[in-house]
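Chemist:
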Amino acid sequence: MPPVRSLPARPPSSLARRLGFLALSLFALLAVTGCSAFSRAVKEGDQFTTNRKWEQAEAAYLRALAVEPGDSEVKVKLRNMRKQWGAEVFQAAQAKHAEGDLASATPLLVRVLELDSENDPARELLGQTLDARVEVALKALKEERLQEARAELDAVLAVNAEHDAARKGVVAVQTAWARRWFSTAQRLEEEGKLGNALLAYVRADQERVGVTAARERAEEVRRKLRDEIAFLVVTGPAEDKASAPDVVQRLSPGRLSALLPQEVPIRVITADAPKDHPGVRLGLAVERVMPVKSVEQGQKLQRYLVTNKAVPSPRRLELEAALLEQERKLEDVERKLSGVLRDYLRKQDELSQAREVAARCRERERTVCAKGLSECIRAFERAKPGDVPNECNPARCNPQCEQEEGALAQRANAAKELERRLEAAQEGAELQRREVQRGRDAYYREPLTVEEPVYADYPYDVELHRLSITTSVTERLIDLAKDAAGASPRTEDYAAVAEDSSNKAYDKVGVLADPVQLRTEAELRVEAGDKAMASIAERVKERFDIYRQGKVEDARRGMVRPSAEDVVETAVRALLLTADEPPQDILQPLAKARGLENPEAIFGR
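If you read the sequence shown in this note's numbering, its first letter stands for residue 2, the second for the next number, and so on.
1. Excluding sequence positions up to five away, which residues of its chain have a Cβ less than 6 Å from the Cβ of residue 232?
2. Under 8 Å, do residue 288 and residue 225 count as touching if we go by C-beta distance?
3. Check whether the stretch 492–502 touches the stretch 468–478, taking contact to mean three or more Cβ pairs, one atom from each stretch, closer than 8 Å.
4. Alpha carbon to alpha carbon, how far is residue 39 from residue 64?
5. Would you tell me roughly how many angstroms separate the C-alpha atoms of residue 508 and residue 519, rounded to the nearest one?
6. Given a cut-off of 8 Å on the beta-carbon distance, is the pair residue 526 and residue 245 in contact?
7. Under 7 Å Cβ to Cβ from residue 604, same chain only, skipping five residues before and after it: list those, please.
8. Could you check where the beta strand (DSSP E) with residue 496 kicks off and where it finishes?
9. Grab the span of the beta strand (DSSP E) containing residue 284 for me, first residue to last.
10. Could you check whether residue 594 and residue 571 sit closer than 8 Å to each other, using their CB atoms as the reference points?
11. So, are the CB atoms of residue 208 and residue 179 less than 8 Å apart?
12. Mind checking which residues open and close the alpha helix (DSSP H) that includes residue 243?
13. From this set, 101, 162, 222, 124, which residue's C-alpha is nearest residue 133's C-alpha?
14. In its own chain, which residues sit with a C-beta less than 7 Å from the C-beta of residue 405, not counting the 5 before and 5 after it?
15. Taking the DSSP output, what are the residues bridged to residue 464?
16. Nearest-angstrom Cα distance between residue 429 and residue 407?
17. Quick check: the Cα distance between residue 537 and residue 239, rounded to an integer number of angstroms?
18. Check whether the stretch 429–445 and the stretch 324–334 are in contact - that is, three or more C-beta pairs closer than 8 Å.
19. Please work out which residues of its chain come closer than 6 Å, Cβ to Cβ, to residue 351, disregarding the five sequence neighbours upstream and downstream, and give them in chain order.
20. For residue 561 versus residue 200, is the C-beta distance shorter than 8 Å?
21. Where do the N-terminal and C-terminal ends of the alpha helix (DSSP H) with residue 587 fall, by residue?
22. With C-beta atoms as the reference, is residue 142 less than 8 Å away from residue 150?
23. Taking Cβ to Cβ, would you say residue 204 is nearer than 8 Å to residue 182?
24. Name the residue from 379, 398, 378, 313 whose alpha carbon lies nearest to the alpha carbon of residue 365.
25. Please state if the CB of residue 409 and the CB of residue 347 are separated by a distance shorter than 8 Å.
26. Determine contact between the stretch 307–316 and the stretch 379–386, defined as no fewer than three beta-carbon pairs at a distance below 8 Å.
27. Is DSSP giving residue 79 helix, strand or coil here?
28. Can you tell me whether DSSP reads residue 107 as helix, strand or coil?
29. Would you give the residue range spanned by the beta strand (DSSP E) that residue 234 belongs to?
30. If you follow the beta strand (DSSP E) that residue 267 is part of, which residue opens it and which one closes it?
31. Is residue 339 helix, strand or coil when you go by DSSP?
32. Which residue's Cα is closest to the Cα of residue 521: 176, 197, 442, 293?
33. May I have the straight-line CA-CA distance separating residue 389 from residue 37, to the nearest angstrom?
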């Protein structure tokens with residue numbers, strides 16, 4: 002392949018010189034524009050300061066500093082302007098303070114210190130104003146105007162969070178709120194409005210923990226409410242018709258209570274329930290307990306190693322296929338490289354021809370121009386003074402090779418593009434040759450054969466032992482409501498099964514002896530009883546869900562006015578019934594209406 006020839010460097014054109022001049026001009030224009038913007042902003046700031054338009058003056062000086070951040074003169078002007086502005090605001094603050102309007106004087110004094118941090122009279126007056134507002138708050142506290150007192154103290158702490166008197170005042174206000182809410186809760190509890198009393202106790206404890214016995218009283222009221230809305234399950238020992246005391250023991254009331262959710266008020270009792278109380282009566286009877294034992298004969302297969310045999314290496318076949326693919330790809334790459342090389346050589350020939358044509362054209366131009374210049378000189382010698390002969394027409398030296406020069410530039414660009422394509426194709430071909438060589442190395446390093454194990458299956462006899470206990474339990478669920486009809490009994494079978502297999506030892510094939518290890522019949526009887534009690538507990542929870550869903554729907558209908566006392570009574574009871582997953586559309590409006598920061602405190606959390 003012949004060496005790649007590059008075109009000679011061309012001198013910078015007049016267009017490049019014009020672009021450079023334009024860039025310098027634009028830079029100079031931007032510099033002048035920036036300077037003019039800076040000067041204009043400073044001038045506007047000075048004018049606004051003279052006219053005492055402080056906000057516009059500050060904005061103008063800030064614009065100037067945005068252009069020239071390090072200008073010390075503008076910084077001094079801005080500081081002096083802010084001092085004057087602060088002095089004017091301080092006069093307004095003094096007037097408000099003299100009128101007794103402390104709420105209006107406070108933000109003005111804060112603004113003065115923002116403008117001029119060295120204004121000591123303003124700082125002193127601000128301290129006096131804050132102390133005076135604390136005095137106002139303490140007076141409101143003594144007169145039981147707690148909201149007004151807290152607002153004043155919060156305003157003081159917003160300015161100075163470390164104000165000692167204000168912080169003590171907040172503690173005093175919180176204590177007063179806690180006692181007020183506690184008194185309200187006691188009154189509501191005496192009136193029998195336990196739901197409203199619970200929220201009031203929770204709010205008192207939220208205001209200031211430990212000031213009152215609100216937390217203990219809230220727990221007591223919560224217990225009363227739970228007892229009032231509790232879903233009672235009246236049951237007793239199961240009737241034993243199968244002479245199976247171990248199974249009957251798993252159906253005891255205590256086991257049922259342990260399986261029911263503890264967060265919600267479901268009570269399992271053995272005594273009579275109050276009249277018309279929500280709940281169910283549960284009757285249980287163990288009809289039979291039937292054990293069934295069986296043995297089945299069967300077979301299993303044990304796979305064992307017989308020998309090893311040599312087989313063709315599958316990895317070598319994979320490497321061979323990959324090598325063939327890489328070689329085909331190399332052929333395609335070299336074919337493309339040959340095509341690009343032919344195009345490049347053809348373009349080089351065309352470029353050489355265009356260069357020769359352009360050179361002959363330039364020679365003709367020089368010849369014509371030199372001839373015209375000679376004729377012009379002779380004509381001047383013959384012409385009269387002041388006359389310009391026709392032989393001196395400049396058009397005779399005009400360029401006449403623009404077409405040839407354009408063709409030369411076009412072919413030069415095409416040759417450059419092909420040169421880049423040729424270099425890329427050469428690099429791709431070299432990379433593909435390396436891939437092929439790596440594939441060959443991997444192929445020849447891989448052995449021809451590999452060892453493969455040969456297995457065989459050995460059948461052997463096994464015995465499958467199965468023991469099952471089936472317990473039949475009859476249950477009767479009857480609503481405690483006075484007009485509820487008797488429910489039909491329901492009998493279901495609950496089975497517990499244990500299985501195990503046994504076999505002898507076969508040392509030749511690696512089968513170990515496996516004796517029978519079944520669970521005992523007593524364990525299965527207990528499991529069957531537990532399954533029966535778990536199923537019964539699920540049906541009791543279904544009845545409870547129906548009961549509490551009705552209470553939740555009643556509470557949702559009243560959420561249009563969540564602060565009303567009757568709505569609160571209904572909503573609190575619905576929430577205690579759904580303590581495991583309280584509905585947020587009831588909990589959040591209720592907590593917001595009574596100012597509770599932690600709604601979960603209703604449940605004692």
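All C-beta atoms, glycine included, are put in the ideal place defined by N, C-alpha and C.
Modeler: Reading it off the structure:
1. So the list reads 267, 279, 280, 545, 548, once near-sequence residues are dropped.
2. Residue 225 sits away from residue 288, with the two beta carbons spaced by 8 Å or more.
3. Touching, yes.
4. Computed Cα separation, rounded: 8 Å.
5. Note on geometry: alpha-carbon atoms of residue 508 and residue 519 lie some 25 Å from one another.
6. Contact flag set, yes.
7. Taking C-beta separations shorter than 7 Å and ignoring five residues to either side along the sequence, the partners of residue 604 in its chain run 580, following chain order.
8. Counting along the chain, the beta strand (DSSP E) containing residue 496 begins and ends at 491–503.
9. Per DSSP, the continuous beta strand (DSSP E) segment holding residue 284 begins and ends at 280–313.
10. No.
11. At a Cβ-Cβ threshold of 8 Å, residue 208 and residue 179 count as neighbours.
12. Neither: residue 243 is in no alpha helix (DSSP H) and is coded neither H nor E.
13. Considering only alpha carbons, the answer is 101.
14. Only residues of its own chain outside the window of five on either side were considered, and among them 358, 359, 362 have a CB closer than 7 Å to the CB of residue 405, listed in chain order.
15. When beta bridges are read from the DSSP output, residue 464 appears opposite 298, 503.
16. Linking residue 429 to residue 407 through their CA atoms gives a straight-line distance of about 33 Å.
17. Straight-line Cα distance between these residues: approximately 12 Å.
18. Between the stretch 429–445 and the stretch 324–334, the count of Cβ pairs shorter than 8 Å is three or higher; the stretches touch.
19. Contacts found: 412.
20. Result no, Cβ atoms of residue 561 and residue 200 do not sit closer than 8 Å.
21. Counting along the chain, the alpha helix (DSSP H) containing residue 587 begins and ends at 585–594.
22. Closer than 8 Å, so yes.
23. The criterion of a C-beta distance shorter than 8 Å is satisfied by residue 204 and residue 182.
24. Closest by alpha carbon: 398.
25. For the pair residue 347 and residue 409, the CB atoms are not nearer than the 8 Å cut-off.
26. Verdict: no, contact absent.
27. For residue 79, the secondary structure class from DSSP, reduced to helix, strand or coil, is helix.
28. Helix, per DSSP.
29. Run containing residue 234: 232–235, per the beta strand (DSSP E) assignment.
30. From DSSP, the beta strand (DSSP E) with residue 267 extends over 267–270.
31. In the structure shown, residue 339 adopts helical secondary structure according to DSSP, grouped into three states.
32. From the listed residues 176, 197, 442, 293, the smallest Cα separation to residue 521 is found for 293.
33. Rounded to the nearest angstrom, the gap between the Cα atoms of residue 389 and residue 37 is 54 Å.
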